[in-house]
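First up is the structure itself, then whatever we jot down about it.
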Amino acid sequence: MNACLWTPAYGRLLMDACLWTPAYGRLLMKILMFRHFCQDFFIEITQIRGVRIHVYIYRPFPKKNQTKNESFEAQKIGNVKKYSKNNAFPNINKVVSLREISPKMNASETNKSYLYAVKMRASKGDIHLSGAERLVEKKQILPASQSLLKRALNHGNGNADAVHLKVEAIECSEVLKVPSLSVTEADASNPAEAFSVLGRLLKENGIDDAESCLSLLKNASPMRGAMLVDIRTLQRCEPDPERGVRATYMDGEKTCFDTGKNHFREALILATKVSSAPYIVGELCISDDCNYTTGYFASKKSGYVRIPNLKAHGDPHGGRLFLYDGTSEEDLKETLAYLEHQAVVVTNLPMDVSLPVFDVRQRLKALKEKHLYRTETVIEAVESDRVRIDGRWYVSFTSNDYLGFSQHPEVKSSAVRALEQYGVGSGGSRLMCGTFELHRQLEQLIADFTGHEAAMVFNSGFAANVSILPALFGEGDVIFSDALNHASLIDGCRLCKAQTVIYRHNDMSDLEEKLRSTSFKHAVIVSDAIFSMDGDIADGTVLSEFAEKYHALLYIDEAHATGVLGEHGCGFKEHFHFQPKPSYLCMGSLSKAIGVEGGFVAGSAEVIDYLRNTARGYIFSTSLPAPSVAAAIKSFQLLQAPSRYVEALRKNIALLNSLCRQFNLPMTAETPIVSCEVGSEETAILLSERLFEEGFFVKAVRYPTVAKGAAWLRITITALHTHEHLERFAQTLAGLLKEMTVKN
25 MNACLWTPAY
35 GRLLMDACLW
45 TPAYGRLLMK
55 ILMFRHFCQD
65 FFIEITQIRG
75 VRIHVYIYRP
85 FPKKNQTKNE
95 SFEAQKIGNV
105 KKYSKNNAFP
115 NINKVVSLRE
125 ISPKMNASET
135 NKSYLYAVKM
145 RASKGDIHLS
155 GAERLVEKKQ
165 ILPASQSLLK
175 RALNHGNGNA
185 DAVHLKVEAI
195 ECSEVLKVPS
205 LSVTEADASN
215 PAEAFSVLGR
225 LLKENGIDDA
235 ESCLSLLKNA
245 SPMRGAMLVD
255 IRTLQRCEPD
265 PERGVRATYM
275 DGEKTCFDTG
285 KNHFREALIL
295 ATKVSSAPYI
305 VGELCISDDC
315 NYTTGYFASK
325 KSGYVRIPNL
335 KAHGDPHGGR
345 LFLYDGTSEE
355 DLKETLAYLE
365 HQAVVVTNLP
375 MDVSLPVFDV
385 RQRLKALKEK
395 HLYRTETVIE
405 AVESDRVRID
415 GRWYVSFTSN
425 DYLGFSQHPE
435 VKSSAVRALE
445 QYGVGSGGSR
455 LMCGTFELHR
465 QLEQLIADFT
475 GHEAAMVFNS
485 GFAANVSILP
495 ALFGEGDVIF
505 SDALNHASLI
515 DGCRLCKAQT
525 VIYRHNDMSD
535 LEEKLRSTSF
545 KHAVIVSDAI
555 FSMDGDIADG
565 TVLSEFAEKY
575 HALLYIDEAH
585 ATGVLGEHGC
595 GFKEHFHFQP
605 KPSYLCMGSL
615 SKAIGVEGGF
625 VAGSAEVIDY
635 LRNTARGYIF
645 STSLPAPSVA
655 AAIKSFQLLQ
665 APSRYVEALR
675 KNIALLNSLC
685 RQFNLPMTAE
695 TPIVSCEVGS
705 EETAILLSER
715 LFEEGFFVKA
725 VRYPTVAKGA
735 AWLRITITAL
745 HTHEHLERFA
755 QTLAGLLKEM
765 TVKN
């Protein structure tokens, strides 16, 4: 709809509005003024699908001794339809003009520079839902208005039925610039800890009765403003207790118009203005947004302290206290005048408020303190089962290159030949120009190797899982997922619109109970073949039986099983001696035993054809480069022949088991992945460091990969490990574990 208003007295006001949001449709608004802001206009648009939009545009900034109610009177000037060109806006009921509140600008006034306060308030009935504002230049009024209107109609605490916008002109000479408070973050994992932090901060800032102060915050009733609390008596002293005190006319030095709410930015701006007000000691706040659980304490002394987990997620309760230490009526008036009328621009805000640097810094600090901080180890060279780090050679027990194919001369030669023929990159996605003959050759080899009709290749196993599951399953479907599945499977399930049901790790009784008790349109059982941390094997026989019994698809991630399980390394189906069916999907990796990079999925020709047209990670990614594809082809060819590589790996797994028994090590090797649980994160890191000193490269696995306090060493065996290296490693590890046990 379009509305255009011409009057001799008021100039021209053009306004466009349309609505389209989940609740109301879409709302877009354009405000253009073709004369100076010398008059006051009130435009009421009613009954736009049940939402009233009020827009005020006026100048000048109200005098402190004059209330807005005294500054104008409304008089109806007629139905807006008579002023339109096409009468295309029947939902706009009326336009009301207001008596001008100041003379037109004279010559000296027109030379003044202005900022414009754009304010929004959204309500539902008598309940205040949301309020926000921007201080902007004239050219930014439109984007600021659009942003605030969209935000007003999308609030976590409910849908507004009335929205008010105000635009006011403020002389730049009247605006104060205040530097931002410094920012830190407290460590609190629940509301009890968070309120303990608040209590400590209150006492540090001279509030002795912190408990009574916190009680006011916890029991704050809904209001548009904050409670102004005398720190001596803890009595409220705001003029209107039902409304509270609102700090207004403020923004950051650099304004961005995002459509959502940036809690941190807005809170820091508010806290900075409040803390700079006369006779204000500090501020404490819990957001009334039910989806935001972080609050803060702010003062000149403490800075801005973010406090997480002040309330449970979904709790709409909020409250705000301004802590006041004035002693007279004049002090109170001065404080209120500053909070409610003084325009403030906050400077020196964090450069990128969408990614608060302070937050990252604090989280990194916490990771280090809890021994959860991780670093990359730079490997300079690889030779058989050894790696060179900082000029020294170490025996590596971290690699997933189970068969040593990444170093195989024929595999490397194949990559070099493809490099010379095709170049280092593919130049496009598979459905554009990124499919070479090599890609089709590799996919046919994978299909033959896994015993399926067809296969397709992805850039990684992770990309495969997060692309395949959302492409195949949606609303009404149910995914039954093992509790210890790989992160890529977990994320793939999360990206689906299907329901995900978690069953206890490798617990077939729990899985069947959940299959029986859950209704679904289609079902899929999702599991790793070899679990990447523990190294144990899923029960393929029972999983296959359940898939058939309950008419479910079976989706097996064979990233660590391809080239490992089965007599010839053909994986899960060879290990459990069952034939693949159309209801079975085999996903695998090219970056483990195959020794290259990439992922794949194999299944029926129809399913693979469908995935080529729907799997986003396949459609929208540049394809694997030819050298990687050629190397993977050679690896599969080596596996298809009677494989001494699989046999060498199997012998080394058996040897390690024998050595574990010999040296009383608390671990057993069923697959190339062996876990040695050691307890605390600190102990695991220390053990990894001591092994490194002895010439062994082994990484500690810690929370959140495993439970807190249950850290372990993740040890991987390859076909390239020598008897000597395995024996020396087992003996060294046994000695270090015994030494640490004695010390503890």
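Counting with the working numbering, you get residues 25 to 768 for the letters of the sequence shown. Each residue gets a CB set at the ideal place from its N, CA and C atoms; glycine is no exception.
May I have the straight-line CA-CA distance separating residue i from residue j, to the nearest angstrom?
i      : j      : result
ARG685 : THR208 : 51 Å
ILE470 : SER628 : 13 Å
PRO604 : ALA336 : 47 Å
GLY759 : GLN523 : 48 Å
SER204 : HIS395 : 33 Å
LEU159 : ASN489 : 47 Å
ASP563 : GLU228 : 59 Å
ALA754 : ALA212 : 42 Å
GLU748 : ALA655 : 30 Å
PRO407 : HIS592 : Looking at the sequence provided, one finds Glu at residue 407 rather than Pro. So the two alpha carbons sit approximately 25 Å from each other.
LYS723 : ASP254 : 56 Å
GLU290 : PHE219 : 22 Å
TYR320 : GLY230 : 17 Å
ASN214 : ILE293 : 26 Å
HIS599 : LEU673 : 15 Å
GLN259 : LEU252 : 8 Å
ALA734 : MET456 : 48 Å
MET532 : LEU567 : 8 Å
ASN509 : CYS594 : 21 Å
GLU630 : SER652 : 27 Å
PRO606 : LYS732 : 41 Å
GLY559 : GLY343 : 50 Å
SER323 : LEU139 : 27 Å
GLU393 : GLU705 : 11 Å
SER659 : ARG387 : 42 Å
LYS675 : VAL702 : 26 Å
THR257 : ASP349 : 10 Å
SER430 : ILE165 : 60 Å
Residue range of the alpha helix (DSSP H) that residue i falls in?
i      : result
ALA665 : Premise fails: ALA665 is in no alpha helix (DSSP H) and is neither H nor E.
TYR574 : Segment: none, TYR574 is in no alpha helix (DSSP H) and carries neither H nor E.
ARG640 : 640 to 643
GLU290 : 287 to 300
LYS242 : 234 to 242
Taking the beta carbon of residue i as the centre, do at least 16 other beta carbons fall within 10 Å, making it buried, or is it exposed?
i      : result
LYS762 : exposed
THR296 : buried
PRO302 : exposed
MET247 : buried
MET144 : buried
THR765 : exposed
CYS196 : exposed
LYS597 : buried
THR742 : buried
ILE657 : buried
ILE310 : buried
GLU161 : exposed
Along the chain, where does the beta strand (DSSP E) containing residue i start, and where does it finish?
i      : result
ARG344 : 343 to 348
SER154 : 151 to 160
HIS188 : 186 to 195
CYS309 : 304 to 310
Any heavy atom of the ligand GTP closer than 8 Å to the CB of residue i?
i      : result
ALA654 : The ligand GTP is not among the ligands present in this structure, which contains no ligands whatsoever.
Legend entry - Three CB pairs or more closer than 8 Å across the region 492 to 508 and the region 620 to 638: yes
Legend entry - Sufficient close CB pairs (3 or more, under 8 Å) joining the region 613 to 625 to the region 478 to 485: yes
Inset, instruction - At 3 residues or longer, and completely inside the region 685 to 761: list those beta strand (DSSP E) runs for me, N to C. - result: 697 to 703, 723 to 725 and 735 to 740
Inset, instruction - Output the residue ranges of the beta strand (DSSP E) runs that lie fully inside the region 471 to 507 and measure 3 residues or longer, sorted by chain position. - result: The beta strand (DSSP E) runs lying completely inside the region 471 to 507 and spanning 3 residues or more are 478 to 482 and 502 to 506, given in chain order.
Legend entry - At least 3 beta-carbon pairs within less than 8 Å: the region 559 to 575 vs the region 532 to 541: Judged by Cβ distances under 8 Å, the region 559 to 575 makes contact with the region 532 to 541, as three or more pairs qualify.
Inset, instruction - Could you say if the region 685 to 699 and the region 442 to 453 meet the contact criterion of at least three C-beta pairs nearer than 8 Å? - result: Segment contact: the region 685 to 699 against the region 442 to 453, fewer than three CB-CB distances shorter than 8 Å; contact not assigned.
Legend entry - Inside the region 590 to 656 only - beta strand (DSSP E) runs reaching at least 3 residues: 608 to 613 and 623 to 627
Legend entry - the region 602 to 622 / the region 403 to 421 touching (three or more Cβ pairs under 8 Å): no
Legend entry - Three-pair Cβ contact test at 8 Å for the region 304 to 323 versus the region 365 to 376: The way I'd put it, the region 304 to 323 doesn't touch the region 365 to 376; fewer than three beta-carbon pairs between them come closer than 8 Å.
Legend entry - In chain order, each alpha helix (DSSP H) run of at least 4 residues that lies wholly inside the region 377 to 464: Qualifying alpha helix (DSSP H) stretches, in chain order: 381 to 393 and 433 to 446.
Legend entry - the region 705 to 722 contacting the region 577 to 592, beta-carbon criterion three pairs below 8 Å: no
Legend entry - Stretch pair the region 636 to 646 + the region 424 to 444: three plus CB contacts closer than 8 Å: no
Inset, instruction - List in chain order: all unbroken beta strand (DSSP E) runs of 3+ residues lying wholly within the region 518 to 590. - result: 523 to 527, 547 to 552 and 577 to 581
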